[in-house]
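Asker:
In my numbering, the protein residues as written are 1 to 185.
1. Below 8 angstroms, can you find three or more Cβ-Cβ pairs linking the region 86 to 94 to the region 140 to 149?
2. Between the Cα of residue 120 and those of 138, 153, 135 and 88, spot the shortest distance and give me the residue it belongs to.
3. CA-CA distance, residue 25 and residue 67?
4. Taking one C-beta from the region 164 to 181 and one from the region 123 to 132 each time, how about it: are there three or more such pairs within less than 8 angstroms?
5. Measuring straight from C-alpha to C-alpha, what distance separates residue 9 and residue 161?
6. Could you tell me whether the region 67 to 76 touches the region 105 to 115, where touching means 3 or more Cβ pairs closer than 8 angstroms?
7. Between residue 69 and the rest of its own chain, which residues show a CB-CB distance below 7 angstroms, the 5 nearest in sequence each way excluded?
8. Looking at the secondary structure, which residues open and close the beta strand (DSSP E) in which residue 70 lies?
9. Go to residue 18, then tell me how far its alpha helix (DSSP H) extends in each direction, as first and last residue.
10. Taking the alpha carbon of residue 148 as the point to measure from, which residue in 163, 23 and 14 has its own alpha carbon closest?
11. Which residue comes first and which comes last in the alpha helix (DSSP H) that contains residue 181?
12. Measure the beta-carbon distance from residue 44 to residue 29 and round it to whole angstroms, keeping in mind my assumption that it falls under 8 angstroms.
13. For residue 168 versus residue 116, is the C-beta spacing smaller than 8 angstroms?
14. Quick one: measure Cβ to Cβ for residue 102 and residue 55, integer angstroms, because I've assumed they're closer than 8 angstroms.
15. Give the DSSP-derived three-state secondary structure of residue 48 in the structure shown.
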């Protein structure tokens, strides 16, 4: 997803408020081994990008910030919201450099819930973990992990170890943790 960015000169409160009044969002681009960049992104473009996004996949969505002819590939690390209006107040981006590992929370999706034996017998799917924390280079970053629950009966569970990890993706979370359980009602 591409967003236009504009460099900002200071991080003063008055400057940030002016940017917000114009409908833009103040942001910072953090980079390993380099100085942080103060920027602002178009608020309408960002809201549109978020609406088009598949729910739950913000952590692994790659954004490209455009500044004229310069393109900066980034991940969103944090979004700060206003406490009462829930408007986006500030964004933290992490620059993705080729070959430099990043740490992300990759979401977990569950396949086969309609055909699950335990659910057909009256159980329900109880999600224990929604994401797996991994370290990988940006080129090998998975968008989502999928766990097939079709064969699970009531009381059975699947652990993170059942997820096949692609080459170059190193889990930070323990693979012995339970990801999903078919619970009894």
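All C-beta atoms, glycine included, are put in the ideal place defined by N, C-alpha and C.
Answerer: Put simply:
1. No, the region 86 to 94 does not touch the region 140 to 149.
2. Residue 120 has its Cα closest to that of 153, out of 138, 153, 135 and 88.
3. The straight-line gap from Cα to Cα measures roughly 15 angstroms.
4. The region 164 to 181 vs the region 123 to 132: in contact.
5. Their backbone Cα atoms lie some 47 angstroms apart in a straight line.
6. Counting Cβ pairs under 8 angstroms, fewer than three are found: no touch.
7. Here the set comprises nothing.
8. Boundaries of the beta strand (DSSP E) around residue 70: 70 to 81.
9. Its alpha helix (DSSP H) spans residues 13 to 21.
10. Per the Cα distances, 163.
11. It is not in any alpha helix (DSSP H) - residue 181 instead sits in the beta strand (DSSP E) that spans 178 to 183.
12. Not a contact, Cβ separation roughly 20 angstroms.
13. Contact flag unset, no.
14. Actually they are not in contact, since the Cβ atoms of residue 102 and residue 55 sit about 22 angstroms apart, beyond 8 angstroms.
15. Correct three-state label for residue 48: helix.
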